[in-house]
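Enquirer: Provided herewith is a single structure, encoded as structure tokens, for subsequent inquiry.
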Amino acid sequence: MTQFGISTAIMLMALGMMTQAQADVCHQDLMAKTQGDLDTLQGCGVYTGTLTIDGSGAEELELKGINDMMEGTLILNNNNALRTFTAPGLTKVHELRVINHTLLAQLNVPLLIQADTLMLSVLPALQTLDFPAQLSLADHVHIEDTHISPQITGFKPQQLKSFVLVSNNYLQQFDASSVKKIDGPLRVASNGIALDFQANQLTSIQTGEFRNVARLAMPQLQTVQGDLTFHDNEWSDLVLDGLERVEGTLALANNDALVSASFAHLNKVGGALAIGNNKQLMAIDGFPQLTEIDGTVDLAGHFDTYTMPVLSDVRGGMRLQTTSNKLQCADLERHMKKSDDLSIVKGQEFSCGSNMDETQLEPTLGQEEDTSSGGAGAAPNTDGPRGMPLTNHKGLARDANGSSKSPASDGQQEEEHIATGAAAALTSSSLWCAGMTVLAAALFGF
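Throughout the sequence shown, residue numbering follows mature numbering (1 follows the signal peptide of the UniProt record, and there is no 0), covering -23 to -1, 1 to 423 in sequence.
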């Protein structure tokens, strides 16, 4: 009986130590290179550390057993042999970063529904990206330099803090119709030449930049808190008739196919209005309700007519340049520059030139600006919040601390983390104590 008691005590103590070790693993950072390294987390279920897979020589890796990384981070970086990565049970992750993989063709996250930060960058072999369970909660999303074609499926968040879609040269369509608000930058640039970008429920964004887009639908967009720019796009018609306010600069430049631009309900531009080098745009007449421009008006191109019927307050200067001989500059100047008290254009600078040679046209504000991403193989810009890229537009708002959670939720999650650790420690300690009790009873007879 004494031998049985001693054996039981030893087993309980061993079990306690194993439980403590497993609990520690589930809350510690791990640098992994092999499948064996990943398998040490198989019993966790919930993982709160930072798991980094860097420089692995494996062709296939699978993250088994983990379903919740809401307080954890998963980083895959520079695994040059990796072709397939699977996280079959993962439903939530605080940060998922997959960067610099030349051969990665399959990224499988079949149950993922939440990712505070999703960064996919320099993945030239990745041809498909699907979220079968529907990615419905996200903060920062950055997808850059992939081979994804023709579209990404299962992208269903309603609100974002930033969204960047850049240099995905084979991407033909992106459906962001579930998104209603973006609190930070929205940037869509240098993707497939036929890209159709749909954001049919989007009502508000912080800033917006669109380059090399073939079709754009944002019929519900009402407010832009900063700059809104359209450069080098392929569409013939730009219709944003729901837009009411742009608090920063509104710029349209180098859109060679643009025939008409309609902003039927826009009433205020808080920065400059710049329209330049849109070679087929023959009329500036898409602003029937625009009354106030707090910056300058800078228009250049081939337009025959300029009409802003209710514009009454331009707080900066005004410059118009056109190759057409139909624009009546004298009449326009008399209308815009009256006496000091009645002048629509409050700034000192006013110039209007018609019948100009194309070589004489000076670039409008932002016309020559190039913020396009680097080519394939370029390293992502990680200077922004949580590694997200910062826009280089002057005056655009930035998230000062880069946090994707409020301080209150940080505190709440910290308390939950402490509680989880305490529970794990209590369980293993209880087993240890039980073992010691049995051992003492066996040895000393009490």
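The beta-carbon is built from N, C-alpha and C at its ideal position, and this holds for glycine as well.
Given the structure is predicted, the values throughout are model-derived calculations rather than measurements.
Please state if the CB of Pro134 and the CB of Ile110 are separated by a distance shorter than 8 Å.
Expert: In the sequence shown, residue 110 corresponds to position 133, counting from 1. In the sequence shown, residue 134 corresponds to position 157, counting from 1. As written in the sequence, residue 110 is Ala, which differs from the Ile given in the question. Against a cut-off of 8 Å, the Cβ pair of Pro134 and Ala110 comes out as no contact.
Enquirer: Checking 8 Å against the spacing of the C-beta atoms, do Val156 and Thr184 come in under that value?
Expert: By 1-based counting over the sequence shown, the position of residue 156 is 179. By 1-based counting over the sequence shown, the position of residue 184 is 207. Taking 8 Å as the Cβ cut-off, Val156 and Thr184 do not qualify as a contacting pair.
Enquirer: If His117 and Lys138 are in contact, beta carbons under 8 Å, what's the gap, nearest whole angstrom?
Expert: If you number the sequence shown from 1, residue 117 lands on position 140. If you number the sequence shown from 1, residue 138 lands on position 161. Indeed they touch by this definition, with Cβ atoms about 6 Å apart.
Enquirer: Is the beta carbon of Leu198 closer than 8 Å to that of Gly219?
Expert: Taking the sequence shown and counting its residues from 1, one reaches residue 219 at position 242. Taking the sequence shown and counting its residues from 1, one reaches residue 198 at position 221. Closer than 8 Å, so yes.
Enquirer: With C-beta atoms as the reference, is Asp122 less than 8 Å away from Val86?
Expert: Against the sequence shown, residue 122 aligns to sequence position 145. Against the sequence shown, residue 86 aligns to sequence position 109. Result no, Cβ atoms of Asp122 and Val86 do not sit closer than 8 Å.
Enquirer: Taking one C-beta from the stretch 231 to 246 and one from the stretch 325 to 336 each time, how about it: are there three or more such pairs within less than 8 Å?
Expert: No: the two stretches stay apart, fewer than three of their Cβ pairs being nearer than 8 Å.
Enquirer: Answer yes if the stretch 287 to 304 comes into contact with the stretch 271 to 278, meaning at least three C-beta pairs across the two stretches below 8 Å, and no otherwise.
Expert: Verdict: yes, contact present.
Enquirer: Is it true that the stretch 307 to 318 meets the stretch 216 to 236, where meeting means three or more beta-carbon pairs spaced less than 8 Å apart?
Expert: No, they do not touch.
Enquirer: For Ala9, which residues of its own chain have a beta-carbon under 6 Å away from its beta-carbon, when the five flanking residues on both sides are left out?
Expert: In the sequence shown, the residue the question calls residue 9 occupies position 32. Once the five neighbours on either side are set aside, the close Cβ partners of Ala9 are Leu15, Ile30.
Enquirer: Just checking my contact of Gly26 with Asn44 at CB under 8 Å: how many whole Å lie between their CB atoms?
Expert: In the sequence shown, counting from the first residue as 1, residue 26 sits at position 49. In the sequence shown, counting from the first residue as 1, residue 44 sits at position 67. With 8 Å as the limit, Gly26 and Asn44 do not qualify as a contact, their Cβ atoms being about 15 Å apart.
Enquirer: I'd like the list of long-range same chain contacts for Pro196, defined as Cβ closer than 7 Å, with 5 residues on each side in sequence excluded.
Expert: The residue given as residue 196 occupies position 219 in the sequence shown. Within the same chain, Pro196 has close Cβ partners Asn177, Gly219.
Enquirer: Given this structure, state the Cα-to-Cα distance separating Asp93 from Thr284, to the nearest angstrom.
Expert: Residue numbering aside, residue 93 sits at position 116 when the sequence shown is read from its first letter. Residue numbering aside, residue 284 sits at position 307 when the sequence shown is read from its first letter. Between Asp93 and Thr284, the C-alpha separation is close to 45 Å.
Enquirer: Give me the Cα-Cα distance between Leu103 and Leu28, rounded to the nearest whole angstrom.
Expert: The residue labelled residue 103 in the question sits at position 126 within the sequence shown. The residue labelled residue 28 in the question sits at position 51 within the sequence shown. Rounded to the nearest angstrom, the two C-alpha atoms are 22 Å apart.
Enquirer: Return yes when at least one heavy atom of the ligand FAD lies under 7 Å from the C-beta of Asn54, else no.
Expert: Ligands are entirely absent from the displayed structure, and the ligand FAD is therefore not among its contents.
Enquirer: Excluding the 5 residues preceding and the 5 following Phe132 in the sequence, name in chain order all residues of the same chain whose CB lies nearer than 6 Å to its CB.
Expert: Counting from 1 along the sequence shown, the entry for residue 132 is found at position 155. Around Phe132: Leu112.
Enquirer: What is the C-beta distance between Ala228 and Gly343, in whole angstroms, given that I count them as a contact (C-beta under 8 Å)?
Expert: Position 251 of the sequence shown, counting from 1, holds the residue named residue 228. Position 366 of the sequence shown, counting from 1, holds the residue named residue 343. That pair is a contact at about 5 Å.
Enquirer: Between the C-alpha atoms of Gln325 and Asp271, what's the straight-line distance to the nearest angstrom?
Expert: Taking the first residue of the sequence shown as 1, we reach residue 325 at position 348. Taking the first residue of the sequence shown as 1, we reach residue 271 at position 294. Going by the C-alpha atoms only, they are around 14 Å apart.
Enquirer: When the distance is taken between beta carbons, is Leu81 closer than 8 Å to Leu95?
Expert: As a first step, residue 95 must be located in the sequence shown, where it is residue number 118. As a first step, residue 81 must be located in the sequence shown, where it is residue number 104. No, the Cβ-Cβ distance between Leu95 and Leu81 is not below 8 Å.
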